[in-house]
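Undergrad: Pasting a structure below so you can have a look.
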Amino acid sequence: MINWNEIPFVRFLIPFSIGILVSFSLNYSIEYNDYLLFIIGIMLLVFAFKQTNFKDRYIYGYLLNVILFLLGYLLMHSQKEINHLNHFQQYIVENNIVLGLINDMPKKTKAGIQFPCKVIQIGHSHNILNRTSGTIWIQAKGEEPQHSLRYGDLILFSGKIQKIAAPLNPHMFDYQSYMENQNIYYQAYIKSNQIQLIDNDQGQSIYRYAFSSQQYFAGILKQFLPTADEYAVAAALIIGYKNDLSVALKKAYTDTGAIHVLAVSGLHVGLVAYFFMFFFNLKKQQGRTYKQLKYLSILIVIWLFAFMTGAAPSVLRATTMFSFILIGKILNRTSNIYNTLAVSAFVLLCFNPFLIKNIGFQLSYFAVLAIVFFQPKLYNLIYIENKILDTIWQLGTISVAAQIGTLPISLYYFHQFPSYFLLTGIVIVYLATFVLGGGLLLFIVHAIPLLSDFIGNIIWWIISFMNQVIYKIEQFPYHLIKGIWICKPSVFLLYFLTITIAIYLTVKKQKWLAFGFFIAIFLGVHTYYNDYIRSRQMSFVIYHSYKNTIIDIINGRKILSLQSSNISKQKVNYITQNYRWALGGQLFDTIVLDTFSKSYDVVYKKGNILKIFDKKILEVNKNYGHLDNEIKKVDYILFRDNPTIDIADLKQKYEFKLLIFDGSNYNDRIKKWKKTSRELDINVYDINKEGAFIYKSQE
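For what it's worth, our numbering labels the leading residue of the sequence shown as -5, then goes sequentially.
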């Protein structure tokens, strides 16, 4: 049976995390009374601990859960910058002057650079600046300023600050939520040459040293790895510098399931710890003092590695996780690994509660938990005497265990599954181990001419071979299964099923197996019901697309797309793909709106009248200056491509329910149309502001 006394922090972490999530979602304003309630709760807890009989100890447990919930709630609320009284949002005007501090290394983009900027002062003129708090995401277009920007630079710029908008298309990447998870709510688009450098080295010293170290070691790698792809992979794999990865290379590693190798995280920290553990274990006779020195040295080494990689959040999470394990070893205490993981998660969330919404944080802990539990059980299924084959089997079981832990949440976020993850998990991870070890050795001996050249050549050869393997796997048939769409209830059900199986394997009681079987049945019914609903759906959607028109007609699992003539396939996929996957539909034909001549069961076009299912849409565009139709009663009128037409005249000629303005129209013209429509008491739908227009048939 599970001994809950061995894992107290697992129980603490649950109400604490729920409090953080509730605070993140509700955003209820905290008053002093709430803090007073929290203090009273602690007093009641102490009182209950002293006065409660053993048989009534559950009261203590309930109070503790309530306090941990409140602690998580208050912590998240206090960390939200937008809740601060002096947040810069109250001073925003049309054109703002901002004195800010760059609090991360700027990243290069196709258009320029981007970086988070901590707002120190803001105002509408240089003479009137208000001291504030909060962070703006800066998108700077054009060539980088004369002085290359870096972390800790104090800058001055002017521009329009706007709230980060929610996505305008269904199931599209939610950039607003992504940035809110990083405690950023506003952004500014400026020109790079407008940024004035006021001062530098103003950030926290520890981060400045970390970023400087990363740049220093990147220079060493560039010296010994002159070719672009090999250097880019080495920089990403060894020191976490990913700015120089090409789009093709990043796509290849992502599609083959090997992208985690290029993101410095738990794998890399674990390998560094393993390298030095191997070195210390060469001494066979180890006393208590030697063991403590060994674990303390490894603790120092992994933190040095963390700063060498620029103190990236992913590597800091992993380093913190390993630190608690090593501290337990130093103190000669055998701690339950699950409790240690819970402690590390608790501490990390105390410092940054926003981590709970971070995909990397979630994947890291799910992967580690699954590896700790399932990997030994999988590994012990087969005994292999040959050491090389045994190592391959061990790497394979680690990959499978990690997939067990991360598969539901990976499918939920990324909607794809790399079919050959086991192959990449064995081959690429094995090769990456040598690259990481060789890279660390190169940093030590880089000043020794012949030896450094020899090691650099070996690293280059391994990475070159590794890239060739990745590109080859990418060419395998069905190397990537795309379009897998699961909803949140399915994610929870899959994890409940995994947990139930894990408990059964631990306690060996049939009731847990029966409970798992019940969950599997429920999951199957839930999936079948969703598929049934999808097979009967009848709807159409007019997407938001800048300067273009895209209309998808969904009939069961078939999707017919009507589009502007000048829109690229890549842009259409970016806008529509996630929603099509969510609907479970397949595109069977694409039609250019202006040359639409085919006839389908669900749609036909006659003149400028478009009939979809039972709805008639009058299409008004630049090619129809004067409308003359036999049909005078329609459901919707769609304005696209900036038509010049009198809305008052339109109201006299046609009977309709709604005017729809899509993204192909100019915003200034839409404002005039909306003003006229209000005067004429006409209902309008502005896709540029309200998002995609979706009609669902009741049939």
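Cβ atoms here follow ideal geometry from the backbone N, Cα and C, with glycine treated the same way.
(1) Does the CB of alanine 576 have a neighbour CB from chain D at under 9 Å?
(2) What did DSSP end up calling tyrosine 183 once you bin it into helix, strand or coil?
(3) Taking Cβ positions, are tyrosine 630 and phenylalanine 655 nearer each other than 9 Å?
(4) Which whole-angstrom value is the C-beta distance of valine 362 and valine 309, which I expect to be below 8 Å?
(5) With a cut-off of 8 Å on the beta carbons, I'd call isoleucine 155 and tyrosine 180 a contact; round off their distance for me.
(6) Quick check on the burial criterion: 16 or more other C-beta atoms within 10 angstroms. Buried or exposed for tyrosine 284?
(7) For phenylalanine 301, which residues does DSSP report across the bridge?
(8) Could you say which of Phe301, Met302, Phe273 and Phe299 lies nearest to lysine 288 if we only look at CA atoms?
(9) Whose CA, out of Asn451, Asn326 and Lys563, lies closest to the CA of proline 220?
(10) Which term fits arginine 574, buried or exposed, when burial requires 16 or more other beta carbons within 10 angstroms of its beta carbon?
(11) Rounded to a whole number of angstroms, what is the C-alpha to C-alpha distance between arginine 634 and serine 658?
(12) In the stretch 178 to 263, which residue ranges form an unbroken alpha helix (DSSP H) of at least 4 residues, counting only runs that do not cross its ends?
(13) Quick test of the definition: if touching needs 3 or more C-beta pairs under 8 Å, does the stretch 59 to 68 touch the stretch -3 to 10?
(14) Three-state secondary structure (DSSP) at proline 370?
(15) Mind checking who glutamine 133 pairs with in its DSSP beta bridge?
(16) How would you write the range of the beta strand (DSSP E) that serine 329 sits in, first residue to last?
(17) Going by other Cβ atoms of all chains shown within 10 Å of its Cβ, with 16 needed for buried, is threonine 494 buried or exposed?
(18) In or out: glutamate 224 buried (at least 16 other Cβ within 10 Å) or exposed?
(19) My output table needs one value for aspartate 662: the three-state DSSP class, helix, strand or coil.
(20) Is it buried or exposed, isoleucine 107, if we count other Cβ atoms within 10 angstroms and call 16 or more buried?
(21) When DSSP builds the beta bridges, which residues end up paired with glycine 117?
(22) When you compare each of Leu372, Gly146 and Ala686 to methionine 99 by their alpha carbons, which one comes out closest?
(23) Below 8 Å, is the gap between the Cβ of leucine 335 and the nearest heavy atom of the ligand COA?
(24) Considering Cα atoms alone, identify which of Val614, Gly13 and Asn275 is closest to asparagine 72.
(25) What is the residue span of the beta strand (DSSP E) that aspartate 583 lies within?
(26) Taking only the alpha-carbon atoms, compute the straight-line gap between histidine 520 and leucine 148 and give it to the nearest angstrom.
(27) Is it a yes or a no for the stretch 515 to 529 touching the stretch 539 to 547, going by three-plus beta-carbon pairs under 8 Å?
(28) Excluding the 5 residues preceding and the 5 following glutamine 170 in the sequence, name in chain order all residues of the same chain whose CB lies nearer than 8 Å to its CB.
(29) Using only CA atoms, which one of Ala105, Phe355 and Leu290 lies nearest to asparagine 326?
(30) By Cβ distance below 6 Å, which residues in the same chain neighbour histidine 118 in space, the five residues on each side in sequence not counted?
(31) Rounded to whole angstroms, what is the Cα-Cα separation between glutamine 115 and histidine 81?
(32) Let me check understanding here. Comparing Cα to Cα, which of Ser446, Ile553 and His538 lies closest to arginine 530?
(33) Is the stretch 229 to 241 close to the stretch 330 to 341, with three or more CB pairs under 8 Å?
(34) Residues bridged to phenylalanine 687 by DSSP?
(35) Using a 10 Å radius around the Cβ and a threshold of 16 neighbouring Cβ atoms, would you call phenylalanine 120 buried or exposed?
(36) Looking only at its own chain, which residues have a Cβ that is under 6 Å from the Cβ of leucine 123, when we skip the five neighbours before and after it?
TA: In terms of the structure at hand:
(1) Judged by its chain identifiers, the structure shown contains no chain D, having just a single protein chain.
(2) Strand, per DSSP.
(3) No, they are not a contact pair.
(4) 14 Å between Cβ atoms; not a contact.
(5) About 5 Å separates the beta carbons of isoleucine 155 and tyrosine 180, which is inside the 8 Å limit, making them a contact pair.
(6) Classification for tyrosine 284: exposed.
(7) Residue pairing for phenylalanine 301: DSSP places it in no beta bridge.
(8) Residue Phe273 holds the alpha-carbon nearest to the alpha-carbon of lysine 288 among Phe301, Met302, Phe273 and Phe299.
(9) The option with the nearest alpha carbon to proline 220 is Asn451.
(10) With at least 16 other beta carbons inside 10 angstroms of its own, arginine 574 counts as buried.
(11) So the two alpha carbons sit approximately 6 Å from each other.
(12) Correct list: 199 to 218, 222 to 233 and 241 to 249.
(13) Yes, they touch.
(14) Helix, per DSSP.
(15) Under DSSP, the beta-bridge partners assigned to glutamine 133 are Gln108 and Tyr183.
(16) That residue, serine 329, is in no beta strand (DSSP E); it is neither H nor E in DSSP.
(17) Residue burial is scored here from C-beta neighbours: threonine 494 has at least 16 other C-beta atoms within 10 angstroms and is therefore classed as buried.
(18) Here glutamate 224 is buried: its Cβ has 16 or more other Cβ atoms, across all protein chains shown, within 10 Å.
(19) Aspartate 662 falls in the helix class under three-state DSSP.
(20) Its Cβ being crowded by 16 or more others within 10 Å, isoleucine 107 is buried.
(21) Paired residues: Ile91.
(22) Comparing Cα-Cα distances from methionine 99 to each of Leu372, Gly146 and Ala686, the minimum goes to Gly146.
(23) Summarising the ligand content, the structure contains no ligands, and the ligand COA is consequently not present.
(24) Reading the sequence as shown, one finds serine at residue 72 and not asparagine. That would be Gly13, whose Cα lies nearest to the Cα of serine 72.
(25) 580 to 586 is the extent of the beta strand (DSSP E) around aspartate 583.
(26) C-alpha of histidine 520 to C-alpha of leucine 148: approximately 54 Å in a straight line.
(27) No, because fewer than three Cβ pairs between the stretch 515 to 529 and the stretch 539 to 547 fall closer than 8 Å, the two stretches do not touch.
(28) Correct list, in chain order: Ile158, Ala159, Ala160 and Pro161.
(29) For asparagine 326, the nearest C-alpha among the options comes from Leu290.
(30) Only Val87 meet the Cβ criterion.
(31) In this structure, the CA atom of glutamine 115 is about 10 Å from the CA atom of histidine 81.
(32) Of the candidates Ser446, Ile553 and His538, Ile553 places its Cα closest to the Cα of arginine 530.
(33) Counting Cβ pairs under 8 Å, fewer than three are found: no touch.
(34) Per DSSP, the beta-bridge partners of phenylalanine 687 are Ile536.
(35) Looking at the sequence provided, one finds histidine at residue 120 rather than phenylalanine. Around the C-beta of histidine 120, fewer than 16 other C-beta atoms lie within 10 Å, and the residue is accordingly described as exposed.
(36) Setting aside the 5 residues that flank it on each side, leucine 123 is surrounded in the same chain by Gln115 and Gly117, each with a C-beta closer than 6 Å to its C-beta; the list follows chain order.
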